């Protein structure tokens, strides 16, 4: 994380001052000459005589000897080295770079004088593109010898990337609060002890004439700055590891956008709200909650038993004819109901069928104790004792796949493949499928049947093919939503232009559900503004 964390305080003599700061530096970044022979090992705290307590910058107007005890608390700096990332974390009184020093100094002034949050203590954000952006957490430390019996401090996180800092707010604020609570807890113990002594002694008229005390005196902890160094280093490293960059070979696909939309929500202010709701799978009883669990990426513990490995494995088990019928139901959006006592087979079958659809079209309840309506899920697993409701039997938008073990065969451990091959897959549906399946399905089947292609190649081909047809879906969506009423002749011309046929219409209509909310809103907003 390319930022600097600073501890500041308000001195009654010298005003706002930076006491201690930690910043990451790469080995190629030269900071100052080193005269120390101290060795630095990965992650270990060491003392370095090369780090002084004064910045190598003329901006400091106060001579070194004029600093009071409170402003010159840090006598020695600290270094920790991250061998894996090749980064040195250096803590000293103030940063050595002129620009970084200026940014920290300005942030310190604003934090302790101008920028005040509700209640005076707490986090606040301010800054600009020139002087950097700042997360400031102000707090007070009890001091029996200070005016008002307390001193004002702040911890600052300064960096140039505003978006990065704001997105790191939920992580930084709780951990800064933990550091502050550790300091104030120690200071309160010292304060109560000194307060008790003051009541036992005669009044002192010159109590406030004493020089300001350092943080080590206020907390009675000689290692307080070592603790701060370790804390700041961990915060910088952990916060940097939270956000990683992903190299894209092209524009993001609809599936990748769908994944992001499941994890993030854009607030009215334009900030990114990350879903952090924790779900205890053990407490999830009803099937609707299980659907939420899966949508948030919380997977149940894997159960033992035979499983279908991939889409090619499924075709081999079902046979090409049965596979074609089942896949036809899948790509046009009919509800797939799989009923069996073999939970592992049911779940793996539904998981494999998802590879035939865009992610936005997949609504899965892997194994429910009751029937769930098709508007909730298009993939549903059921135990054999669950019957379908009467009103569903008259519906034509589902296919029931019943998986039964042959009674004459007893599978033993280690014979899962034999068990899968001996299972009976019976399919029934009140709907009669069209004679011609969508063109995309035929292309999928050709790739799956091609033994010259590896399973990995088939997987990537299906991804590319789905994205190709999602582009056709985008055109049709824009055609129907943005252009007003369209005649049947216009629709046929559009299908011809995008390379689709009449039998592809059910697939195009169903796959519109796989369009991201971002794309839908963009098209609808654009169409309204153009009218």
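In our numbering, the protein residues as written are 109 to 639. For glycine and all other residues, C-beta sits at the position ideal for the given N, C-alpha and C. Treat the numbers as computed from the prediction; the structure is a model and nothing was measured.
Whose C-beta lies closer than 8 angstroms to the C-beta of residue 514 among residues of the same chain, with five residues either side of it excluded?
Residue mapping note: residue 514 aligns to position 406 of the chain shown, counting from 1. Result list for residue 514: 530, 531 and 532, in chain order.
Of the listed residues 273, 251 and 492, nearest to residue 299 (C-alpha basis):
Here residue 299 corresponds to residue number 191 of the chain shown, with the count starting at 1. Comparing Cα-Cα distances from residue 299 to each of 273, 251 and 492, the minimum goes to 251.
Those runs of the beta strand (DSSP E) which lie wholly inside the segment 179 to 203 and span at least 3 residues:
If we require 3 residues or more, the beta strand (DSSP E) runs fully inside the segment 179 to 203 come out as 185 to 190 and 195 to 200.
Mind checking who residue 70 pairs with in its DSSP beta bridge?
Outside the shown range of the chain, which is 109 to 639, sits residue 70, and nothing can be said about it.
N- and C-terminal bounds of the beta strand (DSSP E) containing residue 475
On the chain shown, position 367 is the one that residue 475 refers to. Taken as a continuous stretch (DSSP letters only), residue 475 belongs to no beta strand (DSSP E), as it is neither H nor E.
Near residue 333, what residues of its chain come up, given a Cβ to Cβ distance below 8 angstroms and the 5 sequence neighbours on each side ignored?
On the chain shown, residue 333 is found 225 positions in, with the first residue counted as 1. So the list reads 128, 181, 182, 186, 199, 323 and 324, once near-sequence residues are dropped.
Residue of 587, 604, 608 and 553 minimising C-alpha distance to residue 577:
Sequence index remark: in the chain shown, residue 577 carries index 469 (1-based). Of the listed residues, the one whose Cα sits closest to residue 577 is 608.
Pairwise C-alpha distance: residue 444 and residue 488:
As a first step, residue 488 must be located in the chain shown, where it is residue number 380. As a first step, residue 444 must be located in the chain shown, where it is residue number 336. Distance between the alpha carbons of residue 488 and residue 444: 6 angstroms.
Take residue 203 and list the residues in its own chain whose beta-carbon comes closer than 7 angstroms to its own, dropping the five residues that flank it on each side.
In the chain shown, counting from the first residue as 1, residue 203 sits at position 95. Hits under 7 angstroms: 112, 129, 131, 163, 209 and 212.
For residue 320 and residue 246, what's the separation of their Cα atoms in angstroms?
Counting from 1 along the chain shown, the entry for residue 320 is found at position 212. Counting from 1 along the chain shown, the entry for residue 246 is found at position 138. C-alpha separation (whole angstroms): 19 angstroms.
Please return the same chain residues whose Cβ sits closer than 7 angstroms to the Cβ of residue 347, not counting the five positions on each side in sequence.
Here the question's residue 347 lines up with position 239 in the chain shown. Once the five neighbours on either side are set aside, the close Cβ partners of residue 347 are 109, 276, 279 and 280.
Under the three-state reduction of DSSP, which class applies to residue 534: helix, strand or coil?
Translated into positions along the chain shown, residue 534 becomes position 426. Strand at residue 534.
Determine which residues share a DSSP beta bridge with residue 264 and list them.
Your numbering for residue 264 matches position 156 in the chain shown. Per DSSP, 114 and 244.
Is it buried or exposed for residue 289, if we count other Cβ within 10 angstroms and need 16 for buried?
For this step, residue 289 is matched to residue 181 along the chain shown. So residue 289 counts as exposed.
With a floor of 4 residues, list each alpha helix (DSSP H) that falls wholly inside the segment 482 to 515, ordered by position along the chain.
498 to 501
Starting from residue 278, follow the alpha helix (DSSP H) in both directions and report where the run begins and ends.
Counting from 1 along the chain shown, the entry for residue 278 is found at position 170. It spans 277 to 308 - the alpha helix (DSSP H) in which residue 278 sits, taken as one unbroken run.
Contact the segment 604 to 624 vs the segment 552 to 565: 3+ CB pairs below 8 angstroms:
no
Below 8 angstroms between beta carbons: does that hold for residue 446 and residue 464?
Taking the chain shown and counting its residues from 1, one reaches residue 446 at position 338. Taking the chain shown and counting its residues from 1, one reaches residue 464 at position 356. Cβ atoms of residue 446 and residue 464: not closer than 8 angstroms.
Where residue 440 falls, given that 16 or more other Cβ within 10 Å makes a residue buried:
Taking the first residue of the chain shown as position 1, residue 440 is located at position 332. Flag for residue 440 reads buried.
So, under 8 angstroms CB-CB, residue 114 and residue 266 are touching, yes? Tell me the CB distance rounded to an integer number of Å.
Sequence index remark: in the chain shown, residue 114 carries index 6 (1-based). Sequence index remark: in the chain shown, residue 266 carries index 158 (1-based). Yes, they are in contact, since the Cβ atoms of residue 114 and residue 266 sit about 7 angstroms apart, within 8 angstroms.
State the DSSP-derived secondary structure class of residue 631, mapped to helix, strand or coil.
Indexing the chain shown from 1 puts residue 631 at position 523. DSSP places residue 631 in helix when its eight states are reduced to three.
DSSP on residue 230, reduced to helix/strand/coil?
Translated into positions along the chain shown, residue 230 becomes position 122. It is a strand residue.
Option nearest residue 626 by Cα separation, candidates 535, 364, 430 and 598
Position 518 of the chain shown, counted from the start, is the residue given in the question as residue 626. Residue 626 has its Cα closest to that of 364, out of 535, 364, 430 and 598.
Assuming the contact rule is C-beta atoms closer than 8 angstroms, residue 294 and residue 329 should be a hit. Round their C-beta distance to whole Å, please.
As a working mapping, residue 294 is identified with position 186 in the chain shown. As a working mapping, residue 329 is identified with position 221 in the chain shown. The beta carbons of residue 294 and residue 329 sit about 6 angstroms from each other, so the pair counts as a contact at 8 angstroms.
Expressed to the nearest angstrom, what Euclidean distance is found between the alpha-carbon atoms of residue 561 and residue 552?
Working through the chain shown from its first residue, we reach residue 561 at position 453. Working through the chain shown from its first residue, we reach residue 552 at position 444. Their Cα atoms are separated by approximately 12 angstroms.
Would you call the CB atoms of residue 326 and residue 249 closer than 8 angstroms?
Here residue 326 corresponds to residue number 218 of the chain shown, with the count starting at 1. Here residue 249 corresponds to residue number 141 of the chain shown, with the count starting at 1. For residue 326 and residue 249, yes; Cβs fall inside 8 angstroms.
In chain order, what residues of the same chain have a beta carbon less than 7 angstroms from the beta carbon of residue 455, not counting five sequence neighbours either side?
Position 347 of the chain shown, counted from the start, is the residue given in the question as residue 455. 474, 475 and 489.
I need the straight-line Cα distance from residue 620 to residue 429, nearest angstrom please.
As a position in the chain shown, residue 620 is number 512, starting the count at 1. As a position in the chain shown, residue 429 is number 321, starting the count at 1. Their Cα atoms are separated by approximately 27 angstroms.
Grouping DSSP H, G and I as helix and E and B as strand, with all else coil, what is residue 239?
Locating residue 239 in the chain shown gives position 131, where the first residue counts as 1. It is coil, neither helix nor strand.
Measure the alpha-carbon distance for residue 611 versus residue 539 and round it to whole angstroms.
Walking along the chain shown from the start, residue 611 turns up at place 503. Walking along the chain shown from the start, residue 539 turns up at place 431. Looking at the two C-alpha atoms, the distance is approximately 16 angstroms.
Look at the alpha carbon of residue 520 and the alpha carbon of residue 630, and state the distance between them as a whole number of angstroms.
The residue you call residue 520 lines up with position 412 of the chain shown. The residue you call residue 630 lines up with position 522 of the chain shown. Because the pLDDT of residue 520 is 48, which lies under 50, any placement of that residue in the model is unreliable, and the number read from its coordinates should be weighed accordingly. Near 56 angstroms, if we compare the C-alpha coordinates of residue 630 and residue 520.
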